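Engineer:
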Amino acid sequence: MQAKWSWVKGGFLLGVWNLLVFLSGNHLGTTTAYAQTAGYFTQFFSDLIPTSAWTAGTCGADSTLRVGWQWLLVLGIFLGGLLAKGGHRQQASAVPEMWQKRFGHRPRLRYLHAFIGGFLMLFGARMAGGCTSSHVISGMSQLAVSGLLFGGAVFAVGIPVAMLLYGKRGVQ
42 MQAKWSWVKG GFLLGVWNLL VFLSGNHLGT TTAYAQTAGY FTQFFSDLIP TSAWTAGTCG
102 ADSTLRVGWQ WLLVLGIFLG GLLAKGGHRQ QASAVPEMWQ KRFGHRPRLR YLHAFIGGFL
162 MLFGARMAGG CTSSHVISGM SQLAVSGLLF GGAVFAVGIP VAMLLYGKRG VQ
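Residue numbers (the working numbering): 42 to 213.
1. In whole angstroms, what separates the C-alpha of Phe191 from that of His146?
2. Which word fits Ala203, buried or exposed, when buried means at least 16 other C-beta atoms lie within 10 angstroms of its C-beta?
3. Do you know offhand how far His176's Cα is from Asn59's?
4. Do the stretch 168–187 and the stretch 68–75 make contact, defined as three or more Cβ pairs closer than 8 Å?
5. In angstroms with no decimal places, state the Cα-to-Cα distance between Leu113 and Gly122.
6. Classify Arg210 as helix, strand or coil using the three-state DSSP reduction.
7. Under a three-way DSSP split, which group does Arg143 fall into?
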């Protein structure tokens, strides 16, 4: 496998995937799988949960909790990431150099920050009625207002947070 992947080929494949998902009448998104999982586990506490307004939009019109194609997409993303990492010649550092200069070589702190950041992105995207891939990849390619607003909000928040973490000029 190559040391570096072509961003052009990756972008083309992502565009083809997005087009196929669009032509199937769906939109690319993964957070529905998390909502379905939460609905599945919480149904054991109350019979009302599968028919609640929160799970009805994620479980289909019949409000039955099931594993849908989004869960298979989540599984495919995970397995694809493992395959890509295993097939890559160069081993990436668990802690990037810029992070090490600012916070030291502490992989657990790095993973904790990545988890918290991912959780906040997921939470914000679900509050906006979708997920990051749905809003940014599907939504922006279709020029949906929600996708454009969410994509802009991600950059509007991400840039100041990066400046706060690493300083205005980055870690020197």
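Glycine included, every Cβ here is placed at the ideal spot set by N, Cα and C.
If you're wondering where the values come from, they're calculated on a predicted model, not measured in any experiment.
Structural biologist: This is what the structure holds:
1. 33 Å
2. exposed
3. 12 Å
4. yes
5. 14 Å
6. coil
7. helix
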